[in-house]
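Trainee: Position one of the sequence shown corresponds to residue 3 (the numbering used here), numbered consecutively onward. Positions of the beta carbon are idealized from the N, C-alpha and C atoms, including for glycine.
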Amino acid sequence: MITPIALIIGLSGQIGYYLTHVLLTEHYHVIGLARHLRTSDFPPEVEQIYMDINQHEQIIELIQQTHPTEIYHLASPTNIQETIDHPISTFQTNLISLTHLCDTIQSMPEPKPKLFSAGSAEMFRGHITPDHLSFAFDEKSQNFAPISPYGISKVAAYWTLKYYREQCHVPCWTGILCNVISPQLKETYLIPKIIKHVKYHVETVLPLGNLDLEKDFSHALDVARGIVQIMHNTQQPLRDYVIASGQSHSLRYLVELIYRERGCQLVWEDNKGYDEVSHQLLVTSDPTLCRSYEKTHEKILGQNHTAIGWHPQYTMETILHEMYTHAHVHMSQVI
Numbered sequence: 003m004i005t006p007i008a009l010i011i012g013l014s015g016q017i018g019y020y021l022t023h024v025l026l027t028e029h030y031h032v033i034g035l036a037r038h039l040r041t042s043d044f045p046p047e048v049e050q051i052y053m054d055i056n057q058h059e060q061i062i063e064l065i066q067q068t069h070p071t072e073i074y075h076l077a078s079p080t081n082i083q084e085t086i087d088h089p090i091s092t093f094q095t096n097l098i099s100l101t102h103l104c105d106t107i108q109s110m111p112e113p114k115p116k117l118f119s120a121g122s123a124e125m126f127r128g129h130i131t132p133d134h135l136s137f138a139f140d141e142k143s144q145n146f147a148p149i150s151p152y153g154i155s156k157v158a159a160y161w162t163l164k165y166y167r168e169q170c171h172v173p174c175w176t177g178i179l180c181n182v183i184s185p186q187l188k189e190t191y192l193i194p195k196i197i198k199h200v201k202y203h204v205e206t207v208l209p210l211g212n213l214d215l216e217k218d219f220s221h222a223l224d225v226a227r228g229i230v231q232i233m234h235n236t237q238q239p240l241r242d243y244v245i246a247s248g249q250s251h252s253l254r255y256l257v258e259l260i261y262r263e264r265g266c267q268l269v270w271e272d273n274k275g276y277d278e279v280s281h282q283l284l285v286t287s288d289p290t291l292c293r294s295y296e297k298t299h300e301k302i303l304g305q306n307h308t309a310i311g312w313h314p315q316y317t318m319e320t321i322l323h324e325m326y327t328h329a330h331v332h333m334s335q336v337i
């Protein structure tokens with residue numbers, strides 16, 4: 003039996019980490035491209051290659067030489083403000099590199115490599131009321147409304163894959179993802195910062211922005227499993243999918259869960275969180291920390307992932323418990 007080959011572009015991210023482990027359990031040979039290679043925490047059998055996503059000729063040559071069974075395009079800037087500051091590089095990473103992949107696959111003999119591209123809730127960011135993001139992905143009307151270079155490039159990537167799939171018969175999909183977190187999430191993001199503060203600096207006050215901000219979170223391992231199910235689906239016609247929990251949780255609730263991991267029960271008064279026993283002030287809400295582009299409520303509705311039999315195995319509680327438990331492994335105690 004021929005060993006299937008998976009090429010992961012964007013190996014060093016959290017989804018790439020879990021996707022690698024899922025594919026290894028299914029006996030794939032995994033080749034990963036990244037600008038920052040993993041060392042101690044990565045399986046040695048993974049073939050890691052240092053390569054920038056914009057090195058198009060080298061990537062095309064690698065694909066033609068290895069003829070992978072599947073290609074996963076996960077590389078992308080994730081800080082929205084950075085994409086606003088650097089729109090050209092955002093389009094190069096999210097769109098141009100993907101177009102090169104599609105064009106390369108089109109010219110390859112059968113069986114052609116399958117291609118997955120990670121979409122984003124930012125594709126819908128403007129199609130909402132000023133304080134509410136709650137949308138249903140409609141495959142017929144494609145109700146996109148991006149408001150940032152990141153979102154615009156992701157929508158353009160979606161249409162690019164749709165063109166190559168329907169007009170050029172390239173087996174490719176977009177999976178729309180929303181707020182993926184895990185113990186592998188970088189320390190620069192909000193939830194790891196909160197966990198670090200609660201675990202190592204609980205004696206000081208934690209300043210946060212809008213405590214009523216709600217988002218739809220999924221564990222990166224759940225998302226990785228969903229991506230593999232999309233790629234391995236043979237029962238459904240080629241289509242795009244939403245991979246999200248469909249449930250939203252407020253920042254206030256997340257903070258309560260994280261403090262509970264330390265044994266602290268929060269009580270609230272005027273948007274200030276106090277320890278229920280000692281009455282020590284632990285959390286405050288600072289309006290200057292609110293982001294103008296974020297909405298109060300955020301949830302993906304009308305998910306079609308049930309067509310491939312995918313359901314998240316993690317809850318918000320189990321995600322945060324795992325992140326808190328593993329924080330000492332991935333985080334420095336220096337704030």
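Quick check: what's the CA-CA separation for residue 178 versus residue 157?
Mentor: For the purposes of this step, residue 178 is taken as the residue at position 176 of the sequence shown. For the purposes of this step, residue 157 is taken as the residue at position 155 of the sequence shown. So the two alpha carbons sit approximately 10 Å from each other.
Trainee: What does the Cβ neighbour count give for residue 251, buried or exposed, with the cut at 16 atoms within 10 Å?
Mentor: Against the sequence shown, residue 251 aligns to sequence position 249. Buried, by the Cβ-count rule.
Trainee: Leaving out the 5 sequence neighbours to the left and right, which residues in its chain are closer than 6 Å to residue 247 when beta-carbon positions are compared?
Mentor: Within the sequence shown, numbered from 1, the residue matching residue 247 stands at position 245. Excluding residues within five positions, the ones whose Cβ falls inside 6 Å are 218, 220, 314.
Trainee: Can you give me the Cβ contacts of residue 2 inside the same chain, cut-off strictly under 6 Å, excluding the 5 residues immediately before and after it?
Mentor: Absent from the model: residue 2. The displayed extent of the chain is 3 to 337, so no value can be given.
Trainee: Can you check DSSP and say which residues form a bridge with residue 243?
Mentor: Within the sequence shown, the letter at position 241 stands for residue 243. Beta-bridge pairing links residue 243 to 177.
Trainee: Consult DSSP for residue 165 and reduce its assignment to one of helix, strand or coil.
Mentor: On the sequence shown, residue 165 is found 163 positions in, with the first residue counted as 1. Here residue 165 sits in helix by DSSP.
Trainee: Just confirm the distance between the C-beta atoms of residue 27 and residue 10, as a whole number of angstroms; I'd bet it's less than 8 Å.
Mentor: By one-based count along the sequence shown, residue 27 stands at place 25. By one-based count along the sequence shown, residue 10 stands at place 8. That pair is no contact at about 15 Å.
Trainee: Look at residue 204 and residue 264 and say whether their C-beta atoms are less than 8 Å apart.
Mentor: Working through the sequence shown from its first residue, we reach residue 204 at position 202. Working through the sequence shown from its first residue, we reach residue 264 at position 262. Yes, the Cβ-Cβ distance between residue 204 and residue 264 is below 8 Å.
Trainee: Are residue 326 and residue 260 closer than 8 Å when you measure CB to CB?
Mentor: Taking the sequence shown and counting its residues from 1, one reaches residue 326 at position 324. Taking the sequence shown and counting its residues from 1, one reaches residue 260 at position 258. Cβ distance < 8 Å, so residue 326 and residue 260 count as in contact.
Trainee: Beta-carbon within less than 7 Å of residue 131's beta-carbon, same chain only, minus the 5 sequence neighbours each way: which residues are those?
Mentor: Residue 131 sits at position 129 when you count from the first residue of the sequence shown. Because the pLDDT at residue 131 is just 48, under 50, the model does not fix this residue reliably, and the point stays unresolved.
Trainee: Are there 16 or more other CB atoms within 10 angstroms of the CB of residue 72, so buried, or fewer, so exposed?
Mentor: For the purposes of this step, residue 72 is identified with residue 70 of the sequence shown, where counting begins at 1. Under this definition residue 72 is a buried residue.
Trainee: Along the chain, where does the beta strand (DSSP E) containing residue 34 start, and where does it finish?
Mentor: Here residue 34 refers to the residue found at position 32 when the sequence shown is read from its first residue. It spans 31-36 - the beta strand (DSSP E) in which residue 34 sits, taken as one unbroken run.
Trainee: Determine the contact status of residue 117 and residue 170, defining contact as a CB-CB distance below 8 Å.
Mentor: As a first step, residue 117 is located in the sequence shown; it is residue number 115 there, counting from the start. As a first step, residue 170 is located in the sequence shown; it is residue number 168 there, counting from the start. Contact: no.
Trainee: With DSSP run on the structure shown, which of helix, strand or coil describes residue 76?
Mentor: Translated into positions along the sequence shown, residue 76 becomes position 74. Residue 76: coil per DSSP, three-state reduction.
Trainee: Using only the alpha-carbon positions, how far apart do residue 64 and residue 274 sit?
Mentor: To locate residue 64, count along the sequence shown from 1; it is residue 62. To locate residue 274, count along the sequence shown from 1; it is residue 272. So the two alpha carbons sit approximately 54 Å from each other.
Trainee: Quick check on the burial criterion: 16 or more other C-beta atoms within 10 angstroms. Buried or exposed for residue 161?
Mentor: In the sequence shown, counting from the first residue as 1, residue 161 sits at position 159. With fewer than 16 other Cβ atoms within 10 Å, it is exposed.
Trainee: Using the Cβ count rule (16 or more neighbours within 10 Å means buried), how would you classify residue 96?
Mentor: To locate residue 96, count along the sequence shown from 1; it is residue 94. Label assigned to residue 96: buried.
Trainee: Taking Cβ to Cβ, would you say residue 230 is nearer than 8 Å to residue 25?
Mentor: Position 228 of the sequence shown, counting from 1, holds the residue named residue 230. Position 23 of the sequence shown, counting from 1, holds the residue named residue 25. The answer is yes: Cβ separation under 8 Å.
Trainee: Once DSSP output is grouped into helix, strand and coil, what is the label at residue 71?
Mentor: Taking the first residue of the sequence shown as 1, we reach residue 71 at position 69. Correct three-state label for residue 71: coil.
Trainee: Which residues in the same chain have their Cβ closer than 6 Å to the Cβ of residue 312, if we skip the five residues on either side of it in sequence?
Mentor: As a working mapping, residue 312 is identified with position 310 in the sequence shown. Excluding positions up to five away in sequence, the list reads 228, 231.
Trainee: Could you tell me if residue 233 is buried or exposed, where buried requires 16 or more neighbouring beta carbons within 10 angstroms of its beta carbon?
Mentor: Residue mapping note: residue 233 aligns to position 231 of the sequence shown, counting from 1. With 16 or more other Cβ atoms within 10 Å, it is buried.
Trainee: Note down the Cα distance separating residue 286 from residue 15, rounded to an integer number of angstroms.
Mentor: Within the sequence shown, the letter at position 284 stands for residue 286. Within the sequence shown, the letter at position 13 stands for residue 15. Rounded to the nearest whole angstrom, the CA to CA distance from residue 286 to residue 15 is 31 Å.
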